[in-house]
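All residue numbers for the sequence shown refer to the numbering used here, where the first residue is 1048 and numbers rise by one.
Glycine included, each C-beta is placed from N, C-alpha and C at the ideal position.
Structure, as structure tokens:
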Amino acid sequence: MKFRTIALPKQPHTTPEQTIERAREFYLQMNQRRTVRDFSKRPVPGSTIKWAISAAGTAPSGANKQPWTFVAVSNPKIKKQIRIAAEKEEKNFYAGKAGKQWLKDLAHLGTDEHKPFLETAPWLIVVFQQNYGINEDTGERSKHYYIQESVGLASGLLIAALHKAGLSTLTHTPSPMGFLRDLLKRPKSERAVMIVVAGFADENAQVPDISRKPLDQISVFIE
Ligand code: IYR
């Protein structure tokens, strides 16, 4: 294939000082994000979700294969089905399948097998990774690369976009989540990675009293 380039879209000139201020502002905004489990029933327009997914779709990916599908569900019947199936899995998980150590590590988050947010939150965005691509015309398979990394990057952007829009999210990972592919009628090439539960936080929402590691514990500078 021919290697074709276009000019990088021009961005306004930025001084080094401005980069500090903007990076700081973004950090301050992102540091307000908390994973929320108490959602309000207040509706959220589908357009908000579409813009957020569009932002997620700008993520870099292996060989630009964009190996992701986002299934956004607001249909109450489907949400209920997802809740029932997820709670069934979670019941086994919390009843012992997780193992003692895992349950101990989760204790400070106060989670259990009850997942009412899967019905109260207006949107469930189910993130699927595409293990390979399928050509729409020929049905031929194409290889995908760095799939988990790519989908992780896109999911991070999705959560940041939803936070910036004023919404709260919960990255929920029922385990196992094979039921999502069947329920949402996705092809065999796809595997559900997480449910991004999205909506306005309930006005009385409570979150665990936990903190983030300071910069000096998460970074090393070699200058
Ligand atoms: N999937 C379970 C358990 C769970 C696992 C981890 I790792 C978490 O950070 C939080 C919960 C659940 O959603 O309750």
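Return helix, strand or coil for residue i, following the three-state DSSP convention.
i, result
"Met-1077", "helix"
"Ser-1189", "strand"
"Glu-1133", "One detail in the question is off: residue 1133 reads as Ala in this sequence, not Glu. If DSSP states are grouped into helix, strand and coil, Ala-1133 belongs with the helices."
"Ser-1258", "coil"
"Glu-1064", "helix"
"Thr-1105", "coil"
"Gln-1177", "strand"
"Ala-1239", "strand"
"Val-1267", "coil"
"Leu-1209", "helix"
"Thr-1052", "coil"
"Phe-1086", "strand"
"Val-1091", "coil"
"Phe-1247", "coil"
"Ser-1215", "strand"
"Ala-1119", "strand"
"Ala-1070", "helix"
Look at residue i and residue j and say whether their C-beta atoms are less than 9 Å apart.
i, j, result
"Gln-1195", "Val-1243", "no"
"Ala-1099", "Ala-1245", "yes"
"Tyr-1179", "Ala-1110", "no"
"Val-1041", "Val-1091", "With the chain running from 1048 to 1270 in the structure shown, residue 1041 is simply not present."
"Phe-1221", "Ala-1132", "The amino acid at residue 1221 is misidentified as Phe; the sequence shows Pro. Yes, the pair counts as a contact, with Cβ atoms nearer than the cut-off."
"Asp-1249", "Ser-1087", "yes"
"Pro-1123", "Gln-1176", "no"
"Phe-1247", "Leu-1214", "yes"
"Arg-1051", "Thr-1061", "no"
"Ala-1212", "Arg-1080", "no"
"Ala-1145", "Leu-1153", "yes"
Taking C-alpha atoms, which residue in the options lies nearest to residue i?
i, options, result
"His-1210", "Ala-1103, Phe-1050, Val-1120 and Gln-1113", "Ala-1103"
"Val-1198", "Pro-1255, Lys-1138 and Lys-1112", "Lys-1112"
"Gln-1253", "Trp-1115, Val-1083 and Arg-1233", "Val-1083"
"Gly-1093", "Thr-1218, His-1219 and Leu-1171", "Leu-1171"
"His-1155", "Leu-1217, Ser-1258 and Ile-1265", "Ser-1258"
"Thr-1095", "Pro-1223, Leu-1205 and Gly-1146", "Leu-1205"
"Ser-1108", "Lys-1232, Lys-1235 and Ala-1201", "Ala-1201"
"Asp-1159", "Lys-1138, Thr-1061 and Ala-1208", "Lys-1138"
"Arg-1188", "Glu-1237, Gly-1203 and Ala-1207", "Glu-1237"
"Pro-1163", "Thr-1116, Lys-1135, Leu-1150 and Gln-1148", "Lys-1135"
"Asp-1085", "Thr-1185, Val-1267 and His-1161", "His-1161"
"Met-1224", "Trp-1149, Lys-1097 and Ile-1129", "Ile-1129"
"Arg-1233", "Ile-1181, Thr-1185 and Asn-1251", "Ile-1181"
"Phe-1117", "Ala-1054, Ser-1101, Pro-1261 and Arg-1081", "Ser-1101"
"Pro-1261", "Gly-1186, Asn-1078 and Leu-1055", "Asn-1078"
**OP:** Pair every Cβ in the stretch 1063 to 1073 with every Cβ in the stretch 1213 to 1229, then say whether three or more of these pairs are closer than 8 Å.
**Re:** no
**OP:** Taking only runs that begin and end inside the stretch 1148 to 1175, name each unbroken alpha helix (DSSP H) of 4 or more residues, in chain order.
**Re:** 1164 to 1167
Original post:
Taking contact to mean at least 3 C-beta pairs separated by less than 8 Å, is the stretch 1068 to 1078 in contact with the stretch 1153 to 1172?
Top reply: Touching, no.
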